[in-house]
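Asker: Let me begin by handing over the structure; questions about it come next.
Chains as they are written, first to last, in our numbering: chain A, 1 to 238; chain B, 1001 to 1193.
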């Protein structure tokens, strides 16, 4: 081994380097034939290590959980048609169906405040009597949050989606509501939201006329014109 | 030709197109190996399930990143599981608890992967060979390899634990892998090329 960094090859292959050290060594490998060859030579030994673990079958429920997510995402991809991009792409800013004010991504804190105001507004409307409300329980898919729930509330004055116990969207993302009519591609909406400390939120959902499914995915802040995240909430308003 | 007759690499092309049936078959073929590795590393069922779920969903969403020229689907899957398990260990308190329990857990082995009997038999034999090769290493080399690969500890953490210089730890890792490679190279294909 002609390179003095060759001593690091084992630690690199075994995943025993800190993240920054690993990045530096990976960059070194780009320009060092000797270390690259050593990595290639010893890699089969590391690849064999998992075989030494005692074989334990996973529980059948795990497969069901994973397949439920996969099937729902596959369904959305099919519905989205050829424009669907399986690798999340940066959101396009110009969406003709958005009001100009909504074109700018809101900082999450602002968005949260707006949601609180929206929730208060909706609560006031509901509490004010008048329009009858029908609720539809939605299916949710948050593997790490067994208490997550969502409800679609339908009234004469419009519809809203209420969620509880839902984890915050990943950093830099917001939840986006999509509407699907029949078999056509899901339509994006300007109903973007994040959740409060208890995982709760309420957001107005646009016109549900002819809508067969209301869906929610996590999308880049500002929203996306095409779904890129997996479906985490699905409700059938009909 | 039915999906079950396709090789993993061909199934991955279908996964890339978003076909859940192909993905389910990839899961069936590799879930036991993935769960076994995750369980061996995390030592708890719940965490192992989380790791396997994250890993397979990541595989589903990033199937396009699989490159058959860089190894088998199984190696790729297990690589993802290994990385996710290290992340999970470093995030969780389990790592602290396992610090005091460095020996491999004693577990009842179960093969329920739905693989054909001959494939299972070959895997058992492969597993026995790799375990044998690991056990034949000098204890100080197998220790650092197990702590790093299965324990998710960094070389500096291992150096602290074993009270030895980092350079010694790195040297033992490299030497141990070298010997492992030599012992496995004469065995069945798949163990080490």
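We put the beta carbon where it would ideally sit given N, CA and C, even for glycine.
Nothing here was measured: the structure is a model prediction, and the numbers come from that model.
Rounded to whole angstroms, what's the CA-CA distance from residue 58 of chain A to residue 183 of chain A? Just pull it up for me.
Answerer: If you take the alpha carbons of residue 58 of chain A and residue 183 of chain A, they lie about 36 Å apart.
Asker: To the nearest angstrom, report how far apart residue 1127 of chain B and residue 154 of chain A are at their CA atoms.
Answerer: Answer to the nearest angstrom: the Cα atoms are 58 Å apart.
Asker: Given a threshold of 16 other Cβ atoms within 10 Å of its Cβ, counted over all protein chains shown, does residue 1132 of chain B qualify as buried or as exposed?
Answerer: So residue 1132 of chain B counts as exposed.
Asker: Classify residue 135 of chain A as helix, strand or coil using the three-state DSSP reduction.
Answerer: Strand at residue 135 of chain A.
Asker: Roughly how many angstroms lie between the CA atoms of residue 1003 of chain B and residue 2 of chain A, to the nearest whole one?
Answerer: Rounded to whole angstroms, residue 1003 of chain B to residue 2 of chain A spans 48 Å at the Cα level.
Asker: Taking the straight line between their C-alpha atoms, what separation do you get for residue 1044 of chain B and residue 1090 of chain B?
Answerer: Distance between the alpha carbons of residue 1044 of chain B and residue 1090 of chain B: 14 Å.
Asker: So is residue 184 of chain A in contact with chain B if we call contact Cβ pairs under 8 Å?
Answerer: With 8 Å as the cut-off, residue 184 of chain A does not count as an interface residue toward chain B.
Asker: Any Cβ of chain A within less than 8 Å of the Cβ of residue 1027 of chain B?
Answerer: Chain A contact via Cβ: present.
Asker: When the Cα atoms are used, what is the spatial distance from residue 1146 of chain B to residue 30 of chain A?
Answerer: Approximately 28 Å, taken between the alpha carbons.
Asker: Are any of the Cβ atoms in chain A nearer than 8 Å to that of residue 1139 of chain B?
Answerer: No, because no Cβ of chain A sits closer than 8 Å to the Cβ of residue 1139 of chain B.
Asker: Using a Cβ-Cβ cut-off of 7 Å (strictly less than) and excluding sequence neighbours within five positions of residue 69 of chain A, which residues of its own chain qualify?
Answerer: If we look at residue 69 of chain A and ignore the five residues flanking it on each side, its Cβ neighbours are 141 and 230.
Asker: On the premise that residue 1056 of chain B lies in contact with residue 66 of chain A, defined as a C-beta separation below 8 Å, what is that separation, rounded to the nearest angstrom?
Answerer: Contact flag correct, Cβ pair sits at about 5 Å.
Asker: Between residue 1008 of chain B and residue 1029 of chain B, which are expected to be in contact by the criterion C-beta below 8 Å, what is the C-beta distance as a whole number of angstroms?
Answerer: Contact flag correct, Cβ pair sits at about 7 Å.
Asker: CB residue 42 of chain A to CB residue 1130 of chain B, shorter than 8 Å?
Answerer: No, the pair does not count as a contact, with Cβ atoms beyond the cut-off.
Asker: With distances taken between CB atoms, is the gap from residue 225 of chain A to residue 217 of chain A smaller than 8 Å?
Answerer: In this structure, residue 217 of chain A does not lie closer than 8 Å to residue 225 of chain A by Cβ.
Asker: Using the rule of at least 16 other Cβ atoms within 10 Å of the residue's Cβ for burial, across every protein chain shown, is residue 1020 of chain B buried or exposed?
Answerer: It counts as buried.
Asker: Looking at chain A, is there any beta carbon in it that lies within less than 8 Å of the beta carbon of residue 1080 of chain B?
Answerer: False, the Cβ-Cβ gap to chain A never drops below 8 Å.
Asker: Could one say the Cβ of residue 1083 of chain B lies closer than 8 Å to chain A's Cβ atoms, at least one of them?
Answerer: Chain A, which has a Cβ nearer than 8 Å to the Cβ of residue 1083 of chain B, makes this yes.
Asker: Measuring CA to CA, which of B/1078, B/1061 and B/1076 is closest to residue 77 of chain A?
Answerer: Here the closest residue by C-alpha is B/1061.
Asker: If you draw a straight line from the C-alpha of residue 164 of chain A to the C-alpha of residue 20 of chain A, how long is it?
Answerer: Taking the straight line joining both Cα atoms gives about 38 Å.
Asker: Can you check whether the C-beta of residue 211 of chain A is within less than 8 Å of a C-beta belonging to chain B?
Answerer: Not an interface residue.
Asker: Going by C-alpha distance, which of B/1005, B/1161 and B/1066 is nearest residue 1017 of chain B?
Answerer: It is B/1066 whose Cα lies nearest to the Cα of residue 1017 of chain B.
Asker: Within the same chain, show all residues whose beta-carbon is closer than 8 Å to that of residue 145 of chain A, passing over the 5 residues directly before and after it, in chain order.
Answerer: Here the set comprises 165, 166, 167 and 199.
Asker: When the Cα of residue 202 of chain A is compared with those of A/171, A/149, A/25 and A/32, which residue comes out closest?
Answerer: The shortest C-alpha separation from residue 202 of chain A is found at A/149.
Asker: Assign residue 1135 of chain B to buried or exposed, taking buried as 16 or more other Cβ atoms, counted over all protein chains shown, within 10 Å of its Cβ.
Answerer: The residue in question, residue 1135 of chain B, is exposed, as its Cβ has fewer than 16 Cβ neighbours within 10 Å.
Asker: At the level of alpha carbons, what is the spacing between residue 1156 of chain B and residue 152 of chain A?
Answerer: About 52 Å.
Asker: Using a beta-carbon distance below 8 Å, is residue 1103 of chain B in contact with chain A?
Answerer: Note that residue 1103 of chain B has pLDDT 46, beneath the 50 cutoff, so the model's placement of it is unreliable and the number below is only indicative. Not one chain A Cβ lies under 8 Å of residue 1103 of chain B.
Asker: Kindly indicate if chain B contains any beta-carbon less than 8 Å away from that of residue 233 of chain A.
Answerer: Taking Cβ atoms only, chain B never reaches closer than 8 Å to residue 233 of chain A, which makes this a no.
Asker: Going by DSSP, which residues form a beta bridge with residue 154 of chain A?
Answerer: Paired residue(s): A/134 and A/159.
Asker: If contact means a Cβ-Cβ distance below 9 Å, which residues of the segment 158-176 of chain A contact chain B?
Answerer: Flagged: no residues at all.
Asker: Helix, strand or coil for residue 179 of chain A per DSSP?
Answerer: In this structure, residue 179 of chain A counts as strand in the three-state DSSP scheme.
Asker: Since residue 1157 of chain B sits in a beta bridge, which residues does DSSP pair it with?
Answerer: According to DSSP, which records beta bridges pairwise, residue 1157 of chain B is partnered with nothing at all.
Asker: Which residues in the same chain have their Cβ closer than 7 Å to the Cβ of residue 1048 of chain B, if we skip the five residues on either side of it in sequence?
Answerer: 1035, 1038, 1039 and 1042, listed in sequence order.
Asker: Say whether chain B places a C-beta atom closer than 8 Å to the C-beta of residue 227 of chain A.
Answerer: No, no contact with chain B.
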